[in-house]
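Enquirer: Take a look at the following structure, please.
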Amino acid sequence: MGTQVRLPQSVVDVSVFIEGNGFAGLTDKISLPDIERILETSKAGGFERDVDTGVFKKMEFEVGVKEFNKIIYTAASTGIASGKGIGIVLKGSILQDGTKIPFVATIQGKSGVALGGIGAGDGGTTTLKGTAERFSYELNGEELVHMDTRNMIAKIAGVDHLEVLRQHIL
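Each residue of the sequence shown is one higher than the one before, starting from 1 at the first, in our numbering.
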């Protein structure tokens with residue numbers, strides 16, 4: 001019996017929802033937050049090495065919408081005024097080996113709005129860039145990432161990496 005080879009995944013399409021308002025098929029670039037720990041360099045025992053601080057880096061995101069739309073600015077303005085930031089949900093479909101798999105990414109965070117370049121004949125893009133206070137990622141209905149900076153939750157593949165810290169300090 002031979003080894004089974006998986007074909008590469010391909011994103012079929014993605015829709016973005018900004019504060020519940022849908023922009024189906026209008027995203028041109030999406031950068032989801034990186035989940036990364038802060039490391040410090042230590043020199044000891046004849047080696048320089050990285051030491052995990054136990055602290056996660058800020059989670060930056062970027063979502064481009066191929067449209068100039070008042071809804072985006074209103075959502076950003078409301079988020080600034082309330083201090084709660086903006087709510088973004090991305091829903092998409094991934095194709096692999098002939099099977100479509102759904103994914104959902106949810107971001108709540110502080111955001112700025114950038115118009116980007118504008119040219120005749122170009123549809124233009126409005127870009128939301130910011131730092132997520134909450135971020136979750138589900139693949140095929142299974143939550144793979146749940147990060148919540150306000151409640152000190154850092155769950156990756158079901159493991160909460162801040163659970164012990166919460167028990168110690170809260």
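Ideal placement from N, C-alpha and C gives every residue a C-beta, glycine not left out.
Please read these numbers as outputs of a predicted model, since none were measured by experiment.
DSSP three-state label for Arg150, please.
Expert: Here residue 150 refers to the residue found at position 150 of the sequence shown. The answer is coil: DSSP assigns Arg150 none of H, G, I, E or B.
Enquirer: Does the contact criterion of 3 or more C-beta pairs under 8 Å hold for the stretch 127–143 versus the stretch 77–86?
Expert: Yes, they touch.
Enquirer: Output the distance between the C-alpha atoms of Arg37 and Gly20, rounded to the nearest integer angstrom.
Expert: Residue numbering aside, residue 37 sits at position 37 when the sequence shown is read from its first letter. Residue numbering aside, residue 20 sits at position 20 when the sequence shown is read from its first letter. Their backbone Cα atoms lie some 31 Å apart in a straight line.
Enquirer: Going by beta-carbon coordinates alone, are Gly116 and Thr127 separated by less than 8 Å?
Expert: Here residue 116 corresponds to residue number 116 of the sequence shown, with the count starting at 1. Here residue 127 corresponds to residue number 127 of the sequence shown, with the count starting at 1. Cβ atoms of Gly116 and Thr127: closer than 8 Å.
Enquirer: Report buried or exposed for Leu39, applying the criterion of at least 16 other Cβ atoms within 10 angstroms of its Cβ.
Expert: Against the sequence shown, residue 39 aligns to sequence position 39. Exposed is the call here.
Enquirer: What is the rounded straight-line gap between the Cα of Glu67 and the Cα of Val12?
Expert: Counted from its first residue, the sequence shown places residue 67 at position 67. Counted from its first residue, the sequence shown places residue 12 at position 12. Each residue's Cα considered, the two are about 20 Å apart.
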